[in-house]
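What follows is one structure encoded as structure tokens, with my remarks underneath.
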Amino acid sequence: MCPRRGTKVCAKCKDARYCSTDCQKVDWKQHKILCPTFNQETKPDAFHRRGLFYPGGEQKARYVWMEVWTEHEGDAFWDCSDFGPYLGGGFGGHGLFSDPNPIQAREVTRDDTEAGLEFWHMDLNVMEPPNLGLRACTRGQACAPNFRGPILVTRKVELGDCMEKSVDVDSRDARTAADHFSWWYRDGSGKMPHLKDQRILVTSCVSPQHVADFNLSSKYLEHVIDGCDSIFASGGSGIANLLGIPLSLRLIQPFGEPSESRRTKAAMLLMRDVTSMTFGPHPRSRRYIDRNFCGTNGFASSGSIWSGDTVGSVVAARFDGLPLLRQHVVKLSVITLRLALSQNLLQQSRVFLPATWFQNASVS
Numbered sequence: 001m002c003p004r005r006g007t008k009v010c011a012k013c014k015d016a017r018y019c020s021t022d023c024q025k026v027d028w029k030q031h032k033i034l035c036p037t038f039n040q041e042t043k044p045d046a047f048h049r050r051g052l053f054y055p056g057g058e059q060k061a062r063y064v065w066m067e068v069w070t071e072h073e074g075d076a077f078w079d080c081s082d083f084g085p086y087l088g089g090g091f092g093g094h095g096l097f098s099d100p101n102p103i104q105a106r107e108v109t110r111d112d113t114e115a116g117l118e119f120w121h122m123d124l125n126v127m128e129p130p131n132l133g134l135r136a137c138t139r140g141q142a143c144a145p146n147f148r149g150p151i152l153v154t155r156k157v158e159l160g161d162c163m164e165k166s167v168d169v170d171s172r173d174a175r176t177a178a179d180h181f182s183w184w185y186r187d188g189s190g191k192m193p194h195l196k197d198q199r200i201l202v203t204s205c206v207s208p209q210h211v212a213d214f215n216l217s218s219k220y221l222e223h224v225i226d227g228c229d230s231i232f233a234s235g236g237s238g239i240a241n242l243l244g245i246p247l248s249l250r251l252i253q254p255f256g257e258p259s260e261s262r263r264t265k266a267a268m269l270l271m272r273d274v275t276s277m278t279f280g281p282h283p284r285s286r287r288y289i290d291r292n293f294c295g296t297n298g299f300a301s302s303g304s305i306w307s308g309d310t311v312g313s314v315v316a317a318r319f320d321g322l323p324l325l326r327q328h329v330v331k332l333s334v335i336t337l338r339l340a341l342s343q344n345l346l347q348q349s350r351v352f353l354p355a356t357w358f359q360n361a362s363v364s
């Protein structure tokens with residue numbers, strides 16, 4: 001599912017939304033697993049909420065209905081759920097998917113009332129095979145082998161201090177859960193054998209400073225990383241996602257001295273804001289995406305962490321583990337620059353890109 005809030009709805013489940021038919025085709029490999037189960041069972045009553053269940057082993061993921069009830073203590077209240085039918089009467093722990101979703105470069109939550117997604121599981125050290133059904137829902141089958149046994153994903157909102165209500169999980173949450181599971185434990189520590197043994201071809205976009213310092217012949221260098229690299233938990237390129245390529249970027253040396261030669265053109269182009277609904281500076285916000293992913297001048301501009309004079313060189317990789325050739329990065333950058341030059345984006349683009357960049361559409 002792409003990062004934009006599209007109006008095209010899946011004809012089968014009537015829930016998953018896309019910005020285009022092409023976008024829907026990209027997501028179909030994973031969505032077709034869950035799509036038939038979204039409306040398979042009618043909601044039993046008002047005391048049930050939809051959850052996302054990964055049974056374990058090779059069993060396919062599916063949507064399920066959980067019974068809920070509300071506990072009260074003074075003015076406080078919170079919903080409890082019956083996990084018994086899915087986790088065998090108990091669970092070993094749980095985690096929280098909070099903002100952001102780095103792969104999609106968008107919020108996990110829809111507004112400030114949402115607390116994020118929770119996932120409940122048995123002891124992850126139990127002697128059960130890895131949850132291959134969960135892995136099948138991720139791009140590139142990249143889920144760490146730590147996830148074993150049944151796993152249940154739920155969603156809640158916070159209506160105030162100590163006031164929590166459970167709400168239904170939907171297709172957007174399923175995409176978020178799959179994305180988070182795909183990068184969980186991929187922190188660069190190399191502790192995941194299943195991921196550490198992976199070899200993935202990536203491309204670095206080199207800053208003018210590094211080109212000069214190391215006498216390089218190209219701004220784009222291909223090299224190989226392992227599957228544990230922290231790039232898989234870094235920021236996703238919204239514009240690349242829209243084009244069907246789940247792309248991630250991470251900084252190499254983010255704390256260099258400010259210099260125009262540390263501005264990396266490809267990073268600015270690939271990390272354009274494709275989710276904002278307005279042009280112009282964003283008001284100050286405490287929401288994570290607003291601070292770190294929104295463009296400094298709204299839609300089609302670049303975020304401050306990617307467009308400043310301390311950025312330096314960056315690494316780009318595909319979240320699905322497929323090779324990312326330098327030609328792919330160059331082409332994506334050219335497409336993005338041409339989009340900025342076209343139609344009514346031209347004047348907006350001049351606000352945040354140097355005028356010399358608009359003399360031609362080359363990024364070499």
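Each residue of the sequence shown is one higher than the last, beginning at 1 in the UniProt record's numbering. Note that beta-carbon positions come from the ideal geometry of N, C-alpha and C, so glycine has one too. Values in this document were obtained by computation on a predicted structure and should not be read as measured data.
Can you tell me where the alpha helix (DSSP H) with K25 in it begins and where it stops?
T21 to L34
What are the start and end residues of each continuous beta strand (DSSP E) run of 3 or more residues lying completely inside the stretch 63 to 133, in chain order?
Qualifying beta strand (DSSP E) stretches, in chain order: 76 to 81, 93 to 97 and 114 to 121.
Using 10 angstroms around the beta-carbon of W69, count the other beta-carbons present and answer buried if the total reaches 16, otherwise exposed.
exposed
Going straight from the alpha carbon of Q327 to that of R263, what length do you get?
21 Å
Going straight from the alpha carbon of V64 to that of T154, what length do you get?
10 Å
Bounding residues of the beta strand (DSSP E) (the contiguous stretch that carries residue 403):
This structure cannot speak to residue 403, because the chain is shown only from 1 to 364.
Return yes when the Cβ of H31 is within less than 9 Å of the Cβ of A16, no when it is not.
yes
Pick from T7, D22, K8 and Y18 that is closest to L243, judged by C-alpha positions
D22
In terms of alpha-carbon separation, which member of E71, C137 and L332 lies closest to A266?
A266 has its Cα closest to that of L332, out of E71, C137 and L332.
Counting only runs that start and end within the stretch 134 to 192, where is the beta strand (DSSP E) found for 3 or more residues in a row?
151 to 160 and 163 to 167
At what residues does the beta strand (DSSP E) containing S248 begin and finish?
L247 to L251
Which first and last residues belong to the beta strand (DSSP E) in which A316 is found?
V314 to R318
So, at 6 Å on beta carbons, what are the nonlocal neighbours of P323 in its own chain, with the 5 sequence-adjacent residues on each side left out?
L201
Please classify R338: does DSSP put it in a helix, a strand, or coil?
Looking at R338 - three-state DSSP - the assignment turns out to be helix.
Consult DSSP for G238 and reduce its assignment to one of helix, strand or coil.
helix
Where does the unbroken alpha helix (DSSP H) through L269 begin, and where does it stop?
K265 to L270
Express the C-alpha separation of V330 and Q343 in angstroms, rounding to a whole number.
Unreliable positioning characterises Q343 in this predicted model, as indicated by a pLDDT of 43, which lies under 50. The coordinate reading is nonetheless provided below. Taking the straight line joining both Cα atoms gives about 22 Å.
If you measure from the CB of L159, is any heavy atom of the ligand FAD nearer than 8 Å?
As for the ligand FAD, it is missing from this structure, which has no ligand bound.
Which residue's Cα is closest to the Cα of I151: F119, S261 and P258?
Shortest Cα-Cα distance from I151 to any of F119, S261 and P258 involves F119.
For the beta strand (DSSP E) holding V224, just list the boundary residues, first then last.
Y220 to D226
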